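The next block holds one structure in the form of structure tokens; read it before the comments.
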Amino acid sequence: MSVELDVFVGNTTIMDKEVFQLWLNGYTVSDAVKVRIEGGIMEECEANAEVLLSDTMDQYRTFQMCERLLHHPAKLSNQLLFQIPPDRQAMLIERYYAFDDAFVREVLGKKLSKGTKKDLDDVSAKTGIMLKSCRRQFDNFKRVFKVVEELKGPLVENIQQHFLLPDQLGRDYAAIVFFASNRFETGKKKLQYLTFQDFAFCAGQLINHWTVGAVDNMMDDMDVDLDKEFLQDLKDLKILITDKDLLDQHKSLVCTALRGKTNVFNEMEANFKNLSRSLVNIAAKLINAKDVRDFFIDLVEKFIEPCRSDRWTSIDVNLYLTHYTNSAHILDTFKHHGVWTRYMGVIKSCILRIYH
Amino acid sequence: MPGKLKVKIVAGRHLPVMDRASDLTDAFVDVKFGNTTFKTDVYPKSLNPQWNSEWFKFEVDDEDLQDEPLQITVLDHDTYSANDAIGKVYIDIDPLLCSEAATVISGWLPIYDTIHGIRGEINVLVKVDFFNDLNRFRQSSCGVKFFCTTSIPRCYRAVMVHGFVEELVVNEDPEYQWIDRIRTPRASNEARQRLIFLMSGELQRKIGLKVLEMGGNAVVGYLQCFDLEGESGLVVRAIGTACTLEKISTLTSASATHPSNSSPSKDMKEPVFGEEAPGIPLSSGPPTPLRVQTFSSFSPSKSYSRQSSSSDTELSLTPKTGMGSGGSAGKEAGPLKALLRQQTQSALEQREYPFFTLTSFPPGFLLHVGGVVSARSVKLLDRIHNPDEPETRDAWWEEIRQEIKSHAKALGCHAVLGYSESTSICEEVCILSASGTAAILGSRFVQDGPLDTDYRLSRQPLVFSTGAERVEGDMGSSASLGFEEVAPPGCGFCHIPYDELNIPFPAQLTYCYYCRRFKVPDVLFTTIDLPTEANVTGKGCLIQARLCRTKKKAQGEGNATAISNLLPFLEYELHTQLMNKLKLRGMNSLFGLRIQISVGETMLLGLASATGVYLTALPSPGRIQIAGKTPSDITYEQHISNMQKKINDTIAKNKELYEVNPPEVVEEMIGSPIPEPRQRSRLLRSHSESSDEVTELDLSHGKKDAFVLEIDDTDAVEDIHALLTDSPMPPGFYSCNTEIMPGIQNWTSAIQMFTSVRVFRLNNANLTNQGLNKIFSDLCENLLKSLYFKLRSMIPCCLCHLNFTVAVPEDELIQVAVTAVAMSFYKDQTLENGRQSGDKTLIKAITENDEQLQFNLELNAESSSSNPLSSTKGLSDVSGSHPSARAPPVDYSSFADRCSSWIEQLRLKAHTIRRGSVKTTSSLEKASPLPEGRSRSLQSNRSYSGSSVTVVKMTPLSFIPGAKITKYLGIINMFFIRETSSLREEGGVSGFLHTFIAEVFAMVRAHVAALGGNALVSYSMKECVFMENPNKNQAQSLINVSGDAVIFVRESELEATSVQPQSAATRETSNGGDGT
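Chains as they are written, first to last, in our numbering: chain A, 1 to 356; chain B, 357 to 1432.
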């Protein structure tokens, strides 16, 4: 004796948020039923396990049928098969495209390729996120990447428009796409302390200030690629460390401004040349794609770690970078004010964000 | 050449990829009507082609316009090989042929393929330039309106109800033609779909002709069914009720027309008048009540095996109406001629079939109800002489109808209401069933014959002889209004139509517990909806009797005989089960009774569903007593007393749940000798004076006879088991299978229509009847439980129009399909005695969310204290303290006066609540438009503007709560086949059927939207056949759906002033959260 077929179809598609989440998390039907039973829903609604199983199966089937629509969220609103109220549609999309921070940290900056996908079982084992869910999240990244890769115009807006994502989620995806296309290294041990939101913030800075779209919205190419011209110009900043006079002058200007304002003044004074050299070298190397990948590792190794070992507070770092940036403008022989501001603005906010 | 059909193909979207190489499609469209075909250009390399074609014009006969569907095929152009079909769209252009329905079909319609399902959408424009042909000999019937709704549609008024129309067409089933062996499944499915479209069109046209002949302009309660007979053919048959309808102007409706269209909830009808026109109880029935031995209100089933003709004993008295036999052609002209010939006799008597497919009626239509009449017959399909001709089936149905008619006669009734016909086919055996409710009708809507005046004449003296002043007032008013405003009594329909000395079946008669003047039976079973004016105590509930009987596998005649022999027992047991369950709920009547008997190779399934109600007019049911035959030992006694206790507890619990607490007053009346009319009215008066004291519940069952179940009987054990295994509904849920749920009126606008299908496999073949019964019963119970769980977010909620269909698709399979609508209601506004506290229900304040609940509670408390009419004894109170309440003209003003202060309170309250949260819209006073109503309408106008798809509500009911139907756009009647040979890949049987049903819904919604509508009412899924062959990885399913496409407007969006004086409350929800 067995139920051979069991379906429920409503004129308005009924979708249970809780079951949807279980489905997204990669639970099997029977596991989902267990979780629901533990949640106490049976007592609440006078149901039995049989009813719960039937409902869960039915919901899972509905989600599976909806999934192909969720791959193209814009279709969800003008498809005819499921009548879903707009607020429900928004919920489905948002939750479907939501991702786990633990997971995204693992794949951030990696090439969204088949190879990476194959390694997802390791990621799953490491993060404790079910493989099914990892695959969904990975596929989401890849899908968004593929769609916006070809598009012109601002990255965040493109993502929001095509995938109908809420503001924050759209920004996060922009960061993921940006990292994936520039292949920033994020997995090194030294970078482990950084959260996805740290990287997302930095990505936002880079997108807003260093890409082609940042200067000219009408440009054909868009936000994914860094502005090559700008990177070229960054080489000119080398003068700050190669010209001995300029370096000394810069140092004295900064030290004058800092004196008495911080407890680590001596360390600052002692390290000035090293730090300045590091920052300018990072700038000068960015023209090489390989060095772009190491951008974050360089920042951490060359700037953050020395500061940290000298026990600078983030207020100290802020103070130092502010004066370091401003003083350069006063140097008479230094001519590259535009590039310097554009470079240091981003560097400063990135360092401040990841200095913790 | 009276019609020009114009079609324009605009665009396509979401097309499937047909060319793997380019991931694109080169689509073009084939537009075909009749034998003419047009083609669009190929739109290369796009999944969203923009054809923007010219207008394709078809010049056709109106006959073809009615019969043929417009067929649109989307294809992929292929230079080297044959073009591949992407899918098809069939468009029924019938709605465009009627001036009052839709004028254009325009919108995105899903492109459907029987193998792949929906494959993208196509945007089309269809128009008809139509020149009506006035030729008397025409074969077309354009302009006749069709409604699935089984009541007078809400924006129409019935001028005349002409009566029964039926038609039947037969064709060879393409699936069984020789060519099917060589063609693809797709071609075969498409041939079938197209044929059924054609046959439905033809059927509708032929019925339309009959309607025109009868002088009508519409068919209401149109019920079309398919019989897939297999080898012997494919039958499409339809029945309906011919009417002459008149459109009510919707805008300024201060006119005097009766608000039959006003609003769904009965509380918006005019208040019940305490005493009513007594009707024509004794003088009006058919002149000679027949002494026929029929048992109970059920008629025994007649089973005919193929050869024995219908010479059954009891029916020898069947009156012949002069036009006994004859083909369909003969029938058409029959009634009219007969009428002319015999003018002295009643119009109804002369009709061949005084049947009505309606289930609810305009006021004054229904006078008395006799009971359920049904007839069944078993036929062998392989013995049809001329399978391609309709004669044999016509004769079969004629036999059944005659039997129904004679049963009705036996109950002293001249008409059958809520009439329906159905079949169940298994191999070559076919069970034909028909059932309805025997009744006596008022003369008003029935063919105007001399009878009309007879009624009036006989009526007046009778009324005045009662001598009671109140009655006089009532009759005066009704007379002055020329029968327009006579509301039928709240109890009149319960009064027996038959002669009490010649009761056709054993029944206990008592005096009506409401009016005390006429006899009523102890229980009443009907197939109709609860009349809106009926006096009901408490709420109703769904009652189901389920039965499964094994049957030996047999062939041909032997099989038919076996089934015939089983049928009466099956019906008897279903009846007993219904009766027991009814008593267990402390109720005394059933409405919407539908008994379905389904035949399989090794079993017979019986499922009876109905809505139990406590009619105030009927006596309260006796209790159920269990008796053991051999009281031998103590444990046995104990067992019995345990069970007895359980049953008593359940009854008490149910009474509380359904709020069945009839007043105890009745007792004093029972023993009293039959009083003369004068005495009776006096008695009633005295009773009403003392009524306030008697309010306790009747839990004792007093002197009533108990219903004894003897436990020695194995059947009884089974019965008791069935009684007690029905699990109660979870709190917050109610269910019924009728249009409206007695006791609940304040619906929110949140509705959710759904279909659920389950197939159960019986693995061990050797099951006993009892075992089978339990499995079947559990299957239904579990299904209901799942529904409650699924819909828990809608609590408090009522599942309305719960329609179960059972089938035995294969040897060991049981299939149950349910279609229903879940409707939320406002709990704290439930007015327990809604009906009786007449004016209280005229006003309603409705909250939307929890924030306002507080206010509501307050309001309720206030209303019950401040309102003089809120006592539970509405009847006597109304008649006692407000004698004017029975004279409608005076009545409204007086109600209005009393209510106005109340409204003021409401309004004050409303202003203190946050912006627009309360919608107390009253239209009692025409001069007081409410600002709230106006401002709300602006806000809530287009809640779905964000999405490009029109939200289309679907409901099996004839109304949308909180909304007014402003236009009927035409009937939707669609038939789809879906087949797969990759069952596993599509998610197994469940995945396959789930997708298919969702696709059918989508296509229905799209067609409604293309007609310009936003809802489908009276929706029903008439056929849902599912066949699988898991070994071959194949499955096939057929679904037939129908309904009326309509435009509705939220009542809050209508101007408050334009609502009719009698209707009052409006409601709505402001946000799109309810989007169904």
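Note that beta-carbon positions come from the ideal geometry of N, C-alpha and C, so glycine has one too.
These numbers were taken from a predicted model, which means no experiment stands behind them.
With a 10 Å radius around the Cβ and a threshold of 16 neighbouring Cβ atoms, tryptophan 411/B comes out exposed. Nearest neighbour of cysteine 134/A by Cα position, chosen from Lys142/A, Asp172/A, Ser124/A, His250/A, turns out to be Ser124/A. Within its own chain, the residues whose Cβ lies closer than 8 Å to the Cβ of tryptophan 340/A, once the five positions on either side in sequence are excluded, are Leu237, Thr325, Ala328, His329, Phe334, listed in chain order. Between valine 969/B and glycine 896/B the beta-carbon gap is near 4 Å, inside 8 Å, which marks them as a contact. Flagged as an interface residue toward chain A: lysine 1146/B, by a C-beta distance shorter than 7 Å.
In the DSSP assignment, histidine 472/B falls outside any alpha helix (DSSP H) and carries neither an H nor an E.
At a C-beta separation below 7 Å, valine 9/A has these neighbours in chain B: Phe1110, Thr1111, His1350, Ile1353, Ala1354, Phe1357. Note that the stretch 189-196 of chain A does not touch the stretch 154-164 of chain A; fewer than 3 beta-carbon pairs, one per stretch, sit closer than 8 Å.
Look at alanine 1371/B: its C-beta is not under 7 Å from any C-beta on chain A. Contact between glutamate 1379/B and leucine 1394/B holds: CB atoms are separated by about 6 Å, below the 8 Å threshold. For serine 2/A, a Cβ of chain B is located within less than 7 Å of the residue's own Cβ.
Per DSSP, the unbroken alpha helix (DSSP H) holding phenylalanine 163/A starts and ends at 155-163. Phenylalanine 1116/B belongs to the set of residues whose beta carbon lies under 7 Å from a beta carbon in chain A. Closer than 7 Å to the CB of serine 762/B there is not a single CB belonging to chain A.
C-alpha of methionine 1310/B to C-alpha of arginine 88/A: approximately 19 Å in a straight line. Beyond the five residues adjoining it in sequence on each side, leucine 120/A comes within less than 7 Å, by CB distance, of Leu131, Cys134, Arg135, Phe138 in the same chain, given in chain order. Across the set Lys285/A, Asp198/A, Val104/A, Lys235/A, the C-alpha of Asp198/A shows the shortest separation from the C-alpha of histidine 356/A. If you ignore the 5 residues before and after alanine 200/A, its C-beta comes within less than 6 Å of the C-beta of Asp172, Ala175, all in its own chain and listed in chain order. In this structure, valine 725/B sits away from histidine 763/B, with a CB-CB distance that is not shorter than 7 Å. Leucine 421/B sits close to glycine 359/B, with the two beta carbons spaced by under 7 Å. Contact between leucine 568/B and glycine 727/B does not hold, since the beta-carbon distance rounds to 34 Å and is not under 8 Å.
Apart from the 5 residues on each side of it in sequence, threonine 1161/B sits with its Cβ closer than 6 Å to the Cβ of Ala1173 in its chain, given in chain order.
Around the C-beta of alanine 74/A, fewer than 16 other C-beta atoms lie within 10 Å, and the residue is accordingly described as exposed. With a 10 Å radius around the Cβ and a threshold of 16 neighbouring Cβ atoms, valine 515/B comes out exposed. Among the residues facing chain A, lysine 875/B is not included, as its CB has no counterpart in that chain under 7 Å away.
In its chain, beyond the 5 residues on either side, Pro86, Gln89, Leu164 have a beta carbon closer than 8 Å to the beta carbon of serine 77/A. Rounded to the nearest whole angstrom, the CA to CA distance from proline 975/B to asparagine 944/B is 7 Å.
The DSSP-derived three-state label of leucine 1123/B is coil. Under the 7 Å criterion on CB atoms, serine 54/A is classed as interfacial with respect to chain B. Between isoleucine 365/B and valine 480/B the beta-carbon gap is near 6 Å, inside 8 Å, which marks them as a contact.
The alpha-carbon separation between glycine 443/B and aspartate 386/B amounts to approximately 11 Å. Between the alpha carbons of tyrosine 870/B and valine 35/A lies a distance of about 55 Å. Shown here for leucine 321/A: same chain residues with a beta carbon closer than 8 Å to its own, the five before and five after excluded, namely Met344, Ile347, Lys348, Ile351, Leu352 in chain order.
Close partners of alanine 1362/B in chain A (Cβ separation under 9 Å): Leu80. Taken in chain order, the members of the stretch 35-52 of chain A whose beta-carbon sits within less than 8 Å of a beta-carbon on chain B are Cys45, Glu46, Ala47, Asn48, Glu50, Val51, Leu52. With 16 or more other Cβ atoms from the protein chains shown falling within 10 Å of its own Cβ, proline 1312/B counts as buried.
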